[in-house]
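Colleague:
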Amino acid sequence: MCGELLGEIEVPNFLNERIGPHPKAFLETLEMFMEHKKGNWKYNALYIRKFFKEDAGVWYEAHQNNWTCFNNFKEDFLERFWSLQKQEELREKIMTRRPFRGRMSDCNNYVVRLYQQAQYLEPPMSVRCIVKQLPESIALVLMSNEPGTLGDLENKIMEWEERQRYHEKLGNENRMQSNRHEKPKIDGNMRENHQIRYERRHYENTQGGIDRNKKNYQQYNYYPPKKRKQTSSETQKSETTENIKKDIVIV
Numbered sequence: 001m002c003g004e005l006l007g008e009i010e011v012p013n014f015l016n017e018r019i020g021p022h023p024k025a026f027l028e029t030l031e032m033f034m035e036h037k038k039g040n041w042k043y044n045a046l047y048i049r050k051f052f053k054e055d056a057g058v059w060y061e062a063h064q065n066n067w068t069c070f071n072n073f074k075e076d077f078l079e080r081f082w083s084l085q086k087q088e089e090l091r092e093k094i095m096t097r098r099p100f101r102g103r104m105s106d107c108n109n110y111v112v113r114l115y116q117q118a119q120y121l122e123p124p125m126s127v128r129c130i131v132k133q134l135p136e137s138i139a140l141v142l143m144s145n146e147p148g149t150l151g152d153l154e155n156k157i158m159e160w161e162e163r164q165r166y167h168e169k170l171g172n173e174n175r176m177q178s179n180r181h182e183k184p185k186i187d188g189n190m191r192e193n194h195q196i197r198y199e200r201r202h203y204e205n206t207q208g209g210i211d212r213n214k215k216n217y218q219q220y221n222y223y224p225p226k227k228r229k230q231t232s233s234e235t236q237k238s239e240t241t242e243n244i245k246k247d248i249v250i251v
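full-length UniProt numbering puts the first residue of the sequence shown at 1, with every later residue one more than the last.
Set out below in structure tokens:
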């Protein structure tokens, strides 16, 4: 991905606004590089063409004949790869993104990545706006100290992380001590529950001797069937049978 090294200035290859160096960072490096180049613009335009690859290379060749100087190229380059519309889209994306929910140790890296995305915005995004993307519990602590630069913000985050680790360690120690104090109480409750179960079983066994058949019915969810009420035809038939029996006895 590297282009050419001139002294201590290394010009990277530029593909597009999504891959490789940031458009503004690439342009700044290219400007420093061009300060050391001599010759007319047409020669320099052919020379810097080799730094543009893929999508950017196609764009460069399509517009190369329209530029009469480096400033013309610079204006078109910014309009294509870092326009005000693209900047507003990035600003809105940063301001509306979901707050940080990662591990505490990743908070600093998250802020640095946000700052890296926002540092070339015009007008620049303040550190306060970046802090607002953090959870409220962290943001309130950081905002109270008014960090002015990224370095200040990183130091404040590291201090906050150190305090969080200390409180977490202290909380774990307190829970361990609390568990040691509560252990005899738990054992006492276990003995009490065991005694209650024993007394309940003893009571049920003694009651079972009074009506063992009833207990057996309840145990198997079964009760003796009740005597069914006879229908009118069955009642008439029964009365007829009784009358016949009486007649037989009389005879």
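For every residue, glycine included, the Cβ atom is placed at its ideal position computed from N, Cα and C.
#1: Determine the direct distance from the alpha carbon of K86 to that of P135, and round the result to whole angstroms.
#2: Alpha helix (DSSP H) containing W59: first to last residue?
#3: Give the single residue among V131, P123, R97 whose Cα lies nearest to the Cα of C107.
#4: How many Å lie between E168 and G20 at the Cα?
#5: Taking only three categories from DSSP, how would you classify P12?
#6: Report yes if the C-beta distance between K24 and Y115 is below 9 Å; otherwise report no.
#7: Here's the rule: buried if 16 or more other CB atoms are within 10 angstroms of the residue's CB, otherwise exposed. What is V58?
#8: Alpha carbon to alpha carbon, what distance is there between L170 and C2?
#9: Kindly indicate which three-state DSSP category P21 falls into: helix, strand or coil?
#10: Identify the continuous alpha helix (DSSP H) that holds F77 and give its terminal residues.
#11: Give me the Cα-Cα distance between Y43 and C69, rounded to the nearest whole angstrom.
#12: Determine the DSSP secondary structure at E168, reduced to helix, strand or coil.
#13: Using 10 angstroms around the beta-carbon of N174, count the other beta-carbons present and answer buried if the total reaches 16, otherwise exposed.
#14: Quick check on the burial criterion: 16 or more other C-beta atoms within 10 angstroms. Buried or exposed for N71?
#15: Name the residue from L46, Q177, K93 whose alpha carbon lies nearest to the alpha carbon of C129.
Modeller: Straight from the coordinates:
#1: 27 Å
#2: Judged by DSSP secondary structure, W59 falls within the alpha helix (DSSP H) whose first and last residues are 54-63.
#3: V131
#4: Cα atoms of E168 and G20: separation of roughly 40 Å, rounded to the nearest angstrom.
#5: strand
#6: By the CB criterion at 9 Å, K24 and Y115 fall outside the cutoff.
#7: Result: exposed.
#8: In this predicted model, C2 has a pLDDT of only 48, less than 50, meaning its place in the structure is not dependable; the value taken from the coordinates is given anyway. Cα-Cα distance, rounded: 50 Å.
#9: coil
#10: 70-81
#11: 11 Å
#12: It is helical.
#13: exposed
#14: Exposed, by the Cβ-count rule.
#15: K93
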